[in-house]
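Trainee: What follows is a single structure, and I will ask about it in a moment.
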Amino acid sequence: MAEITYREALAQALREEMHRDEKVYLIGEDIGHYGGSYAVTKGFLDEFGAKRVIDAPIAEMGIVGTAIGAAMNGLHPVAELMTVNFAILALDQIVNHAAKLHYMFGGQIKVPMVVRTVSGWGQLGATHSQSFESWFAHVPGLKVVTPATPADAKGMLKTAIRGQDPVIFIEHSLLYGVKGEVPDDEDFLLPLSGAQVLREGSDVTIVTYSRMAILALRAAARLAQEGIEAEVIDMRALRPLDMEPAIESVMKTNHAVVITEDWRTLGTSAELAAQIYEQAFDYLDAPVVRVASLEVPMPYSKVLERLVVPDEERLIKAVHEVLNR
Amino acid sequence: MAEITYREALAQALREEMHRDEKVYLIGEDIGHYGGSYAVTKGFLDEFGAKRVIDAPIAEMGIVGTAIGAAMNGLHPVAELMTVNFAILALDQIVNHAAKLHYMFGGQIKVPMVVRTVSGWGQLGATHSQSFESWFAHVPGLKVVTPATPADAKGMLKTAIRGQDPVIFIEHSLLYGVKGEVPDDEDFLLPLSGAQVLREGSDVTIVTYSRMAILALRAAARLAQEGIEAEVIDMRALRPLDMEPAIESVMKTNHAVVITEDWRTLGTSAELAAQIYEQAFDYLDAPVVRVASLEVPMPYSKVLERLVVPDEERLIKAVHEVLNR
Amino acid sequence: MAAKTDTTDVAAVTTKVEASQNGKENGHGLVSENATRQHALDKERNLEIYRQMLLIRRVEERTAEAYTQGKIGGFLHLYIGQEAVAVGVVSTLIPEDHLVTHYRDHGYAIAKGCDPGAILAEMYGKSTGVSGGMGGSMHLADVSRHFWGGYAIVGGHLPLATGIAQSIKYQGKNEVVICVMGDGSTNIGMFHESLNMASLYQLPIIYLVENNLYSMGTPLKLHTSLTEIHQKARGYGMPGDRFDGMDVEVVQEHVKTAVQRARNGGGPSLLEAMTYRFRGHSMADPQFYRTRNDVEEVRSQRDPIHIHAQRQYDRGIFTEEDTKRISDEIEKEVIRAAQFAEESPFPEPEALYANIYVEERN
Amino acid sequence: MAAKTDTTDVAAVTTKVEASQNGKENGHGLVSENATRQHALDKERNLEIYRQMLLIRRVEERTAEAYTQGKIGGFLHLYIGQEAVAVGVVSTLIPEDHLVTHYRDHGYAIAKGCDPGAILAEMYGKSTGVSGGMGGSMHLADVSRHFWGGYAIVGGHLPLATGIAQSIKYQGKNEVVICVMGDGSTNIGMFHESLNMASLYQLPIIYLVENNLYSMGTPLKLHTSLTEIHQKARGYGMPGDRFDGMDVEVVQEHVKTAVQRARNGGGPSLLEAMTYRFRGHSMADPQFYRTRNDVEEVRSQRDPIHIHAQRQYDRGIFTEEDTKRISDEIEKEVIRAAQFAEESPFPEPEALYANIYVEERN
Ligand SMILES: Cc1ncc(C[n+]2csc(CCOP(=O)(O)OP(=O)(O)O)c2C)c(N)n1
Ligand SMILES: Cc1ncc(C[n+]2csc(CCOP(=O)(O)OP(=O)(O)O)c2C)c(N)n1
Ligand SMILES: [Mg+2]
Ligand SMILES: [Mg+2]
């Protein structure tokens, strides 16, 4: 166990798996000479060479598509798409190809690959501040992972790389600097599904994932000071979706708030809320409250941007609302 | 008023608007010499000439992107994407550009354009049988229309073409041959939002749109024979979303079934159900039942395909379930 | 069909293209020492070529019939008229070489040796189909033969094929990849991204364009700025070559050169085979964009099967008996194949949830 | 910074590229009849060029300062070193001509005449910014000047610019569109789809590549198969031209030719201006991929502002006083601009829901 950042945890996972298996290689924009746009692969080019750390042209379809092809023929590529905003340029390759080939050809083709990409914001403007996890998680054939902690980042990435299916691994740019305890065991593997209780509480259940899970823990601490005990559920993966911990929690607390960083309408919060209603209908004392980003293209000006993304205050307000306090 | 098909209604709308406004032009694959892959624009090349009916290369990003550019500079393009499965190739142009320019440049730029595309299935295989309306409707800045009837197809397409914003107009390949009464008034315009009660009923509310609305009417007729009166709500547009008729109906029937043709998890049914719970929580006698496509890539074999898409039987079963009969 | 548009240009195939000449010479140039042994080899090889082309033709005719009888559903794109390309291409490969193509894939499946029965069964949606009935006409594949299948998103398979080539180089193997597409597919972004990466990394892949003069119903000169598609290679510092795709010997010669280059580490090529489809784009095609005469003109002058057979007769390699025997065998084979498809079972409902993931949980 | 990689190649800019020569001659060739009147014109025009280049340089320096002070957020891409391209290009246009560029857009905004105060205010996120504070550094625009703005999805603006050109031809106007991008942007699919359509429809557009030798931190020869980017035009039957982008007169000459061709119905062109950025890709760039010496070498030998001024001194067009006066004016202008940005108000919360749609309901 060592205390390292989310960024270091990802680098460890990549480095260990590349040393373990020659078939693993990285391809993406500026992962080599530049050192990685978020410095995750800093030093990798020197350590593994240009054959296994490929600085790709700006060609999202080509990056993902060639990785799929290489996976079909036996390699284990880890393709990096600089941000999820550019990932939608490769959506055809991900949705119409990676997700379908195993099924469409009757099991003849396997696509053991990982697409690493990043959500986040910070005065980056409308085209660089989006969250699309709900789109990937809508598609049968894909596995979608959204780690919130350094330990999950490492353990789930290693499992994804060793797996036999296409995995969309969505990181968060505002988590790279966050530290946490991470086992340094080379075989530290975590399942690609399974929600977790990050904090126990008896009054209200907060269901979320990725950066919002960290934010929820901070909000829960503040709520505790006013005597409200919130249970925080980190979904960790969005496909397959494990609702059990959330449902069990709601059966106990009878109140639920879902908080996500994507837009509200047709976003991830809709499915999470819908399933809570479906599976715990008789246990809910009040409608589930959804907290999500305001439905606007992200404005650049910081005074406006800070109004768009959910913060602790909005979450605390939502908890008060659901508890009717 | 005349009885015409959904296909003819669309052709009428396009023809009338092209005659009305020189600034309207069509661009898409095989809309000219071939006559339109679903024959909607058959004869248009002869009638309007190659300047206004452009047979584009297979270049979805180019088709949509050039249409956006032309719209920015004052024209009113109607871009046709042969099917919604290929539309995801142009998602960057639609989501990162069409939807954002007006906002991102502080109102300086307008994008008055329509993207016509088609959902549907019929032994077309995994890559040609998908529904992505939930993705488009998730995006602020877009308007998303899913007409179920020939009248809506005509009236909403005309409004979309005369509008000032980007509209994603999603047709259904299995509706082109369906007939209905359509006003031949050249100024027959219908709003791009607003759900409608297609059939009144007191026992259960069926919330849906596009082809599933027609299927729901047939199922409702059968339910009536067993004494169950279903109210059928056609959402008609998914952004903006008008939940009022559905909520009012649920307050009356106390039971709701949502049926959509897309995949269940994170699909359109999740948002429709979540909003019914949120706005009619105290009126629901039972959890909303969601009926959607099974979560598999679409298999080619007809014996399997017919199990995937919701049919009347599954809808009727769902109604029995929600009514606990 | 509608009046012939001023935009169609069957001349491109009726009059053999330049490149084809030298191709033909080399074709004859094949003849070498020991004449009689050579003659036997020649005959065997050329009869096999003839057999494969005719088998494709007959299977396609049977397929069209089954489609009109409603036994095959969805989109159906026939290969009739283009047989010389698939057969010529595959005859230049070793079994380990890889083939990836678009939805017009029946010809390649047959040339790669897939059983016609399993091919028809796939189109019938039967569990005995090459893809278990999950893919249909557009998605035939037999990975055991390194035939990675037909793909229905135009251009979507180019990055995949490029990646397969990348994995070959990565693993130091000397296999090559053939990536087949139509003329219309060269306009999509994935063409650009794939060819750039293949050239940048000097991958062992040949992009083979079957230029049949139409992108669905849109004539060549209306859909692409550079109608000499092989010249698009210049944008990637890649060799390009155009040749007569109706003459199987010409196809063999030109593809062989590119395959050798790729196998010897010389990198990718862009090849353009001038060909023509004798049927519509798909069974649903009303063909407003060309006239019956357009089609008849080509079919009568440039039928690839006839061209091949006639040359072998002229060269004294084939006799009427040879070809008669083969077509009789094929007739039986097609009947057997159709019967197999007819009698095969449909997939069980369980197949619905099989193969979504390799590992349900991990 | 790290050790110089064997992949960088500043020679491409330190030694003027071939094409630049004749460009230069033509540059001198401008001089004509009535010498004194011409001299006055020459001086006026060249001082304006000098003023614009220096203004860009100083505004960028001020911008960098404000960024380090935390007054500007997000991504910031400076134009320092590339000034001759924007200024040279815009000087060949009429006001109605259209300009679309990528996120490295400050230079074009200034060359197109936007007020530096409104530009800085935009980066400060103030309501007085050119885009009302909604766009920021990467999204400066002034549609009233037909400056359609900077776009941050690499290649995303190419189809838009192509569509603007299509609308010009559709309406029978004689305006032209300049679409600016970086060398790295030529590898993405939208480049291919856009150039094909522009050539196919013979649109009045010039695709101008600012080849600064890097795609972010990836050296030219590692990201594209054909490093002579202007030659990519061959794949579209389009004229291509490469020239020295550090010499404003050369830029003017080469761009003028393409603009005239486009205006006269001659269709699109692909131009490649060889240039170099003296700063990192963005303010966040640690520049591991090149050495300080690489940058110093180019900056010392090929600073576009110095090249222009020196030539005018040599030709006796500029005096030290002229340039001194201008840089003094610019100093004041930049102070005023920064002050304007500082003192401007942030947008009101209402701005959050304004401009999502033109018509809230229809
Ligand atoms: C991305 C995409 N866009 C459009 C289509 C619809 N479509 C299928 S085939 C085709 C024409 C392709 O023509 P070409 O590449 O010349 O191949 P051919 O059919 O002539 O062999 C089109 C437009 C598709 N399948 N995928
Ligand atoms: C589609 C897409 N992929 C990746 C990025 C991230 N990105 C922004 S700029 C850039 C490099 C572009 O280099 P170049 O085109 O040469 O322009 P330059 O910055 O040198 O002017 C990259 C990879 C992006 N914005 N959009
Ligand atoms: Mg074709
Ligand atoms: Mg660059």
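Chains as they are written, first to last, in our numbering: chain A, 1 to 325; chain B, 1001 to 1325; chain C, 2001 to 2362; chain D, 3001 to 3362.
Beta carbons are placed, not taken as given, at the ideal position from N, Cα and C, and that holds for glycine.
All values derive from a computational prediction rather than experimental measurement.
Cβ of residue 2212 of chain C versus every heavy atom of ligand 1: is any distance shorter than 7 Å?
Mentor: yes
Trainee: Based on Cα-Cα distance, which residue from A:152, A:256 and A:172 lies nearest to residue 280 of chain A?
Mentor: A:256
Trainee: Hey, how far is the Cα of residue 3113 of chain D from the Cα of residue 3242 of chain D?
Mentor: 26 Å
Trainee: Label residue 1001 of chain B either buried or exposed according to how many other C-beta atoms from any shown protein chain fall within 10 Å of its C-beta, with 16 as the threshold for buried.
Mentor: Under this definition residue 1001 of chain B is an exposed residue.
Trainee: Return the Cβ separation of residue 1172 of chain B and residue 1249 of chain B in integer angstroms, given the expectation that the two are a contact with Cβ distance under 8 Å.
Mentor: Actually they are not in contact, since the Cβ atoms of residue 1172 of chain B and residue 1249 of chain B sit about 23 Å apart, beyond 8 Å.
Trainee: Check whether the Cβ atoms of residue 15 of chain A and residue 38 of chain A lie closer than 8 Å to each other.
Mentor: no
Trainee: Using a Cβ-Cβ distance under 8 Å, would residue 2209 of chain C count as near chain A?
Mentor: no
Trainee: Rounded to whole angstroms, what is the Cα-Cα separation between residue 2353 of chain C and residue 1290 of chain B?
Mentor: Whole-angstrom Cα-Cα distance: 20 Å.
Trainee: Does any residue of chain B bring its CB to less than 8 Å from the CB of residue 58 of chain A?
Mentor: no
Trainee: What are the boundary residues of the alpha helix (DSSP H) that residue 3058 of chain D is part of?
Mentor: Here the alpha helix (DSSP H) through residue 3058 of chain D covers 3035-3068.
Trainee: Whole angstroms are fine: how far does the CA of residue 1293 of chain B sit from the CA of residue 2357 of chain C?
Mentor: 18 Å
Trainee: If we ignore side chains and look at the alpha-carbon of each, how far apart do residue 2035 of chain C and residue 2322 of chain C end up?
Mentor: Near 20 Å, if we compare the C-alpha coordinates of residue 2322 of chain C and residue 2035 of chain C.
Trainee: Any C-beta of chain D sitting closer than 8 Å to the C-beta of residue 317 of chain A?
Mentor: no
Trainee: By Cβ distance, which residues of its chain are closer than 7 Å to residue 3001 of chain D, with the 5 residues on each side in sequence left out?
Mentor: Reliability fails at residue 3001 of chain D, whose pLDDT of 41 lies under 50, so the model's placement of it is uncertain and no value is given.
Trainee: Among A:90, A:84 and A:162, which one has its Cα closest to the Cα of residue 1086 of chain B?
Mentor: A:90
Trainee: State the start and end residues of the unbroken alpha helix (DSSP H) segment that holds residue 2340 of chain C.
Mentor: 2320-2343
Trainee: Quick one: residues in its chain with C-beta nearer than 8 Å to the C-beta of residue 2351 of chain C, no 5 flanking neighbours on either side, listed in chain order?
Mentor: 2127, 2132, 2133 and 2134, listed in sequence order.
Trainee: Using 7 Å as the cut-off, classify the Cβ of residue 46 of chain A as near or not near the heavy atoms of ligand 3, replying yes or no.
Mentor: Because no heavy atom of ligand 3 lies under 7 Å away, the Cβ of residue 46 of chain A does not count as near it: no.
Trainee: Over the uninterrupted alpha helix (DSSP H) stretch that includes residue 2119 of chain C, give me the two end residues.
Mentor: 2116-2124
Trainee: Kindly list, in the order they appear in chain C, the residues whose Cβ is closer than 7 Å to that of residue 3191 of chain D.
Mentor: 2192
Trainee: Mind checking residue 4 of chain A: buried by the 16 CB within 10 Å criterion, or exposed?
Mentor: buried
Trainee: Taking Cβ-Cβ distances shorter than 7 Å, what residues in chain A pair up with residue 1267 of chain B?
Mentor: Chain-order list of chain A residues neighbouring residue 1267 of chain B: 138, by C-beta distance under 7 Å.
Trainee: Please tell me whether residue 25 of chain A has its Cβ less than 8 Å away from any Cβ of chain C.
Mentor: yes
Trainee: Is there a Cβ of chain C sitting closer than 8 Å to that of residue 251 of chain A, yes or no?
Mentor: no
Trainee: Quick one: what's residue 2134 of chain C bridged to in DSSP?
Mentor: Answer by DSSP bridge pairing: none, since residue 2134 of chain C is not bridged.
Trainee: Taking C-alpha atoms, which residue in A:142, A:155 and A:151 lies nearest to residue 166 of chain A?
Mentor: A:142
Trainee: Please classify residue 110 of chain A: does DSSP put it in a helix, a strand, or coil?
Mentor: coil
Trainee: If we cut at 8 Å on Cβ distances, does residue 1034 of chain B have a partner in chain C?
Mentor: Yes, contact with chain C.
Trainee: Please report the residue range of the beta strand (DSSP E) in which residue 2978 of chain D lies.
Mentor: It is not possible to answer for residue 2978 of chain D, since the shown part of chain D is limited to 3001 through 3362.
Trainee: Report the neighbours of residue 3220 of chain D on chain C: residues whose CB is nearer than 9 Å to its CB, in chain order.
Mentor: Listed by position along chain C, the residues whose Cβ is nearer than 9 Å to that of residue 3220 of chain D form an empty set, because the closest Cβ is around 11 Å away.
Trainee: Answer yes or no: the CB of residue 2184 of chain C versus the heavy atoms of ligand 3, is any distance below 7 Å?
Mentor: yes
Trainee: For a test of your reading of the model: does the CB of residue 2215 of chain C fall under 7 Å from any non-hydrogen atom of ligand 3? Yes or no.
Mentor: yes
Trainee: Classify residue 2191 of chain C as helix, strand or coil using the three-state DSSP reduction.
Mentor: helix
Trainee: Counting only beta-carbon atoms, is residue 262 of chain A nearer than 8 Å to chain D?
Mentor: no
Trainee: Give a yes or no on whether 8 Å exceeds the smallest Cβ distance from residue 303 of chain A to chain B.
Mentor: no
Trainee: Have a look at residue 1299 of chain B and residue 1305 of chain B and give me their C-alpha separation to the nearest angstrom.
Mentor: 6 Å
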